[in-house]
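This report refers to the structure that appears directly beneath it.
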Amino acid sequence: MLSDCERCMNELTTERRYVLGCGYLPPAPPQLAPFVRPWQGLGYNGPRPTTCPGYTTQLPVVIELVRAHRHWAKGQLEAFCGTRAVPEAVLLGVEQFESAVGDFEAWRLTPSSRGGGAEG
Amino acid sequence: MLKPPSLITTYTLIFSGDPALVLPADPKERTHALELARETGRWETLIGPDQTPTTFELRPLPGTAFDWWMGTVRRERLSDAEANALLLRLALRKVEHFGAHRVELHRLEGQELATPAIIDALYAEGGEAGRQIVAELGGEVFARAERALRPKS
Numbered sequence: 001m002l003s004d005c006e007r008c009m010n011e012l013t014t015e016r017r018y019v020l021g022c023g024y025l026p027p028a029p030p031q032l033a034p035f036v037r038p039w040q041g042l043g044y045n046g047p048r049p050t051t052c053p054g055y056t057t058q059l060p061v062v063i064e065l066v067r068a069h070r071h072w073a074k075g076q077l078e079a080f081c082g083t084r085a086v087p088e089a090v091l092l093g094v095e096q097f098e099s100a101v102g103d104f105e106a107w108r109l110t111p112s113s114r115g116g117g118a119e120g
Numbered sequence: 121m122l123k124p125p126s127l128i129t130t131y132t133l134i135f136s137g138d139p140a141l142v143l144p145a146d147p148k149e150r151t152h153a154l155e156l157a158r159e160t161g162r163w164e165t166l167i168g169p170d171q172t173p174t175t176f177e178l179r180p181l182p183g184t185a186f187d188w189w190m191g192t193v194r195r196e197r198l199s200d201a202e203a204n205a206l207l208l209r210l211a212l213r214k215v216e217h218f219g220a221h222r223v224e225l226h227r228l229e230g231q232e233l234a235t236p237a238i239i240d241a242l243y244a245e246g247g248e249a250g251r252q253i254v255a256e257l258g259g260e261v262f263a264r265a266e267r268a269l270r271p272k273s
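Protein chains in written order, with the working numbering: chain A, 1 to 120; chain B, 121 to 273.
In structure tokens form, the structure reads like this:
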């Protein structure tokens, strides 16, 4: 459901989508705002998300940055961008994504007894 | 063809007052619908049946182009309307479904920008809406150039 916005919009009530932080809806009305709790990944301990990750991860710019990151990892970012002058925003986005990937890897390798996602 | 938002290549914008768009009457819902379309590139849901809006294809501005624009605005003491028009010309690469008008590019002080003819055409054929188009699109180009990544947690 989380990765299928069309299905979510068809099957869930508007109130439920507000609670999940649906990006396709306007900001939640005051009576629902305190109950907005978008899904967040295991081990994530940053600021509380405000928007459903099903929406944010399908934004064209986010997909573009994830693709750019893959090419950056292979030293092919300039080729991906089609220019030697890689846009500053792309570099910034790749850096942020790489940082998030690092955080996830650290959590994945940390034993669950210490708050991580690995056994032990 | 509608092109999604991009940090690398050209993207499509449609003027909020385009008669082909069907927008909510409530101002808040209207604003949200437009923000959503600009963010997701899903304009199709706003276009009325059998309607064809005028589409503007724009490029993300390189930092040097934005710096040149800011410098020019200061040096030449441009009015808001002139500054918006110049910024739009820097970003604009194509207009579709706007009569026979086409975007032609030329170089000025090392920058590649649309000739003033397309702005004149917008003013001439759009009337007051033409100025609104330039202001709205110029504002969106400015926002994307100033802060290309708009975090949404």
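Backbone N, C-alpha and C define an ideal beta-carbon position, used for all residues, glycine too.
None of these values were measured; they are calculated from a predicted model.
Write down the C-beta distance between residue i and residue j rounded to the nearest angstrom, noting that I regard them as a contact closer than 8 Å.
i: Leu206(B); j: Leu198(B); result: 7 Å
i: Gly23(A); j: Val36(A); result: That pair is no contact at about 12 Å.
i: Glu260(B); j: Leu133(B); result: 6 Å
i: Gly117(A); j: Gly43(A); result: 5 Å
i: Ala220(B); j: Arg251(B); result: Contact flag wrong, Cβ pair sits at about 21 Å.
i: Ser126(B); j: Val62(A); result: Going by Cβ atoms, the distance from Ser126(B) to Val62(A) rounds to 11 Å, so no, they are not a contact pair.
Once DSSP output is grouped into helix, strand and coil, what is the label at residue i?
i: Pro147(B); result: helix
i: Ala234(B); result: strand
i: Ile167(B); result: strand
i: Leu141(B); result: strand
i: Ala118(A); result: strand
i: Ser113(A); result: helix
i: Leu242(B); result: helix
i: Thr160(B); result: helix
i: Leu122(B); result: coil
i: Leu154(B); result: helix
Let's see if you can read the secondary structure: which residues bound the alpha helix (DSSP H) around residue i?
i: Tyr55(A); result: 53 to 56
i: Ala100(A); result: 88 to 109
i: Arg264(B); result: 248 to 266
Where do the N-terminal and C-terminal ends of the beta strand (DSSP E) with residue i fall, by residue?
i: Leu133(B); result: 131 to 133
Measuring alpha carbon to alpha carbon, tell me which residue in the options is nearest residue i.
i: Leu91(A); options: Glu64(A), Ala106(A), Ser3(A), Trp107(A); result: Glu64(A)
i: Leu225(B); options: Arg179(B), Leu133(B), Gly247(B); result: Arg179(B)
i: Gln31(A); options: Gly82(A), Tyr18(A), Leu109(A), Trp39(A); result: Tyr18(A)
i: Ala265(B); options: Gly168(B), Trp188(B), Thr165(B); result: Trp188(B)
i: Leu212(B); options: Glu149(B), Val142(B), Leu242(B), Thr151(B); result: Leu242(B)
i: Val101(A); options: Trp39(A), Leu59(A), Gln76(A), Val66(A); result: Val66(A)
i: Thr165(B); options: Ile128(B), Leu122(B), Ala201(B), Gly259(B); result: Leu122(B)
i: Pro111(A); options: Glu119(A), Glu105(A), Phe104(A); result: Glu119(A)
i: Gly93(A); options: Arg70(A), Ala79(A), Ser113(A), Arg16(A); result: Arg70(A)
i: Pro124(B); options: Gly168(B), Val142(B), Arg251(B), Glu177(B); result: Glu177(B)
i: Ala255(B); options: Glu229(B), Leu210(B), Ala203(B); result: Ala203(B)
i: Leu2(A); options: Val62(A), Ala89(A), Thr51(A), Phe97(A); result: Thr51(A)
i: Trp39(A); options: Thr56(A), Ala28(A), Phe80(A); result: Thr56(A)
i: Tyr131(B); options: Ala185(B), Val215(B), Ala249(B); result: Val215(B)
i: Ala33(A); options: Gly116(A), Pro87(A), Arg16(A), Gly41(A); result: Arg16(A)
i: Gln58(A); options: Leu156(B), Arg194(B), Phe186(B); result: Leu156(B)
i: Glu232(B); options: Ala249(B), Leu210(B), Ile238(B); result: Leu210(B)
i: Ala237(B); options: Val223(B), Gly230(B), Glu248(B), Pro173(B); result: Val223(B)
i: Asp138(B); options: Ala249(B), Glu196(B), Met190(B), Gly230(B); result: Ala249(B)
i: Arg267(B); options: Phe80(A), Cys81(A), Pro87(A); result: Pro87(A)
i: Ile128(B); options: Trp107(A), Ala85(A), Glu95(A); result: Ala85(A)
i: Phe135(B); options: Glu149(B), Lys148(B), Thr172(B); result: Thr172(B)
i: Leu269(B); options: Glu159(B), Pro144(B), Asp146(B); result: Glu159(B)
i: Gly183(B); options: Glu78(A), Ala89(A), Leu25(A), Trp72(A); result: Ala89(A)
i: Pro53(A); options: Leu77(A), Glu98(A), Asp4(A); result: Asp4(A)
Would you list, in sequence order, the uninterrupted alpha helix (DSSP H) runs of no fewer than 4 residues that lie entirely inside the stretch 173 to 232 of chain B? Correct list: 183 to 195, 200 to 211.
Could you name each continuous alpha helix (DSSP H) segment of 4 residues or more that falls completely within the stretch 5 to 80 of chain A, going from the start of the chain to the end? Residue ranges of uninterrupted alpha helix (DSSP H) with 4 or more members, entirely inside the stretch 5 to 80 of chain A and ordered along the chain, are 5 to 11, 14 to 19, 53 to 56, 60 to 73.
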